[in-house]
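> Can you read through this structure? Questions will come right after.
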Amino acid sequence: MSQPRRIMMVAPHFEEYALFLSVALAGHADVLLIVNTAVLEAEFVGRVMPTHPRLDVRHSAFASAAELVRLIAAMRRFRPDVLHWQEPSGLIKAAFAAVTVVTAGRSARTAVTVHDPVPHAGRDSRVAARLARLRRFTRARVDRLFLHGQACVDQYQRDYLRSVRPDRRVRLTEHGILLPPPEPRPSPPAFRALMFGRMEAYKGLDTLAAALERLSDDGRDIEIEIAGLGPEMDRLEARLRPLPGVTATNMFVPAVSLIDRISAASCVVLPYKEASQSGVLAAAFAGGRFVIASNVGGLVDLVDHGSNGLLVPPDDPAALAAALTQAATDPALRERLSEGAARTAARRLDWRRIAVQLLSDY
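Numbering (the numbering used here), first residue to last: 294 to 655.
This is the structure we're talking about:
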């Protein structure tokens, strides 16, 4: 098809991601973004929300039949060349996606960004089981499936399709930057690490706890903040708090505060046991901070060991402790890795570049 003139982006999740992408696409086409504006506005409290003259942002909570009717009516009035969903999680939202893709028919190209080809272990897998049929229905009917990196494509082929025959609708895209600071801030002179986000089992918080205990036993304490909510934080908070140098913040941390925490850190730790794409990684690089990450999944597509981060085997406390020690004791290494992270953000994770590629792939 020729370059689309009207793009309808529907994002029941990943609100900041969808806004940044929609603003970039609006440099080339008229864009209608359907999103829960209450959630979006909460994410941008204390920050300037990006906009564009060719971008129209409208609200939906994706929770009722009346909202589905309004969504279909908006689609018919807007007459998009492309209907692009950020893949939903939740039964009602998944039903919205299925109905609108069918309604679009051949009047528009249809696309889904698949953020997780298969569900993560824990709560994600239980949620996904309830909507598996709807998700499979929608994935099977869209014209394009966008995935973040080759590792996610491989996982989609191997674990979701269970086939060696490539799905020719699949296209690669990047996870653009999130939580960018208003202006770059220098790394702190003393080493300080940060782990943040929703603390689910696959995030490897128990691996980090074991690594920190190992360091403490050896008399090599690391300054680190662990911030966020989730079952693993609830389970491990009492184990983490007594460790020297550890600050455990068991609460929801607003976006503007996360930006400050990233800026106050030397690096962000991602001791994940499995991974697809990662908004945490995109936010770290946006702030010019390198990562210490597990050598798993989509993290490997973006983290270049020794260039913008350090990779360690998953679920290996000794290797994680060694990487933390290496970073803590080598300021020159920290500076080099931070410069690499900033370069990656400016080049590969720039939303304008991502939008141009997306337009050619529709």
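A virtual CB, placed ideally from N, CA and C, is assigned to each residue, including glycine.
Got a sec, what are the start and stop residues for the alpha helix (DSSP H) E506 sits in?
Where E506 is concerned, the enclosing alpha helix (DSSP H) stretches over L498 to D510.
> Are the stretch 480-492 and the stretch 462-471 in contact at 8 Å, needing three or more beta carbon pairs?
No, because fewer than three Cβ pairs between the stretch 480-492 and the stretch 462-471 fall closer than 8 Å, the two stretches do not touch.
> Among the candidates E309, A483, R532 and E334, whose CA atom is the shortest distance from the CA of P624?
Among E309, A483, R532 and E334, the Cα nearest to that of P624 is on A483.
> Which same chain residues end up closer than 7 Å to S631 when comparing Cβ atoms and leaving out the 5 residues on each side of it in sequence?
Same-chain partners within the cutoff: S480, G581, R582 and F583.
> Out of curiosity, what's the CA-to-CA distance linking G538 and R340?
Taking the straight line joining both Cα atoms gives about 30 Å.
> Any idea if T406 is buried or exposed, counting beta-carbon neighbours within 10 angstroms, 16 or more meaning buried?
By the 10 Å Cβ count, T406 comes out buried.
> Give the list of continuous alpha helix (DSSP H) stretches no shorter than 4 residues that lie fully inside the stretch 294-323.
With a minimum length of 4 residues, the continuous alpha helix (DSSP H) runs that stay inside the stretch 294-323 are 308-318.
> DSSP three-state call for A639: helix, strand or coil?
Correct three-state label for A639: helix.
> Expressed to the nearest angstrom, what Euclidean distance is found between the alpha-carbon atoms of I300 and R370?
Whole-angstrom Cα-Cα distance: 13 Å.
> Find the nearest neighbour of T500 within the set G521, R532, L522 and L471, judged by alpha-carbon distance.
Nearest of G521, R532, L522 and L471 to T500, Cα basis: R532.
> Given a threshold of 16 other Cβ atoms within 10 Å of its Cβ, counted over all protein chains shown, does D374 qualify as buried or as exposed?
So D374 ends up on the buried side.
> Rounding to the nearest angstrom, what Cα-Cα distance links P473 and V411 in this structure?
Near 28 Å, if we compare the C-alpha coordinates of V411 and P473.
> Hey, is the stretch 312-330 in contact with the stretch 516-531, meaning 3+ C-beta pairs nearer than 8 Å?
With the cut-off at 8 Å, the stretch 312-330 and the stretch 516-531 do not touch.
> Does the distance from the C-beta atom of A391 to that of L427 stay below 8 Å?
Closer than 8 Å, so yes.
> With 16 other CB atoms within 10 Å as the buried threshold, where does F657 fall?
Residue 657 lies beyond the stretch modelled for the chain, which goes from 294 to 655, so this question has no answer here.
> Hey, L613 and A504 are a contact pair by Cβ (cut 8 Å); roughly how many whole angstroms apart?
Contact holds; Cβ gap of about 4 Å.
> Hey, L522 and D514 are a contact pair by Cβ (cut 8 Å); roughly how many whole angstroms apart?
Actually they are not in contact, since the Cβ atoms of L522 and D514 sit about 25 Å apart, beyond 8 Å.
> Rounded to whole angstroms, what's the CA-CA distance from V593 to A359? Just pull it up for me.
Their backbone Cα atoms lie some 43 Å apart in a straight line.
> By the DSSP assignment, the beta strand (DSSP E) with F489 in it spans what residues?
Element bounds for F489: A486 to F489.
> So the candidates are P297, M302, V596 and S569; which of them puts its Cα closest to the Cα of L440?
Checked all of P297, M302, V596 and S569; the closest Cα to L440 is S569.
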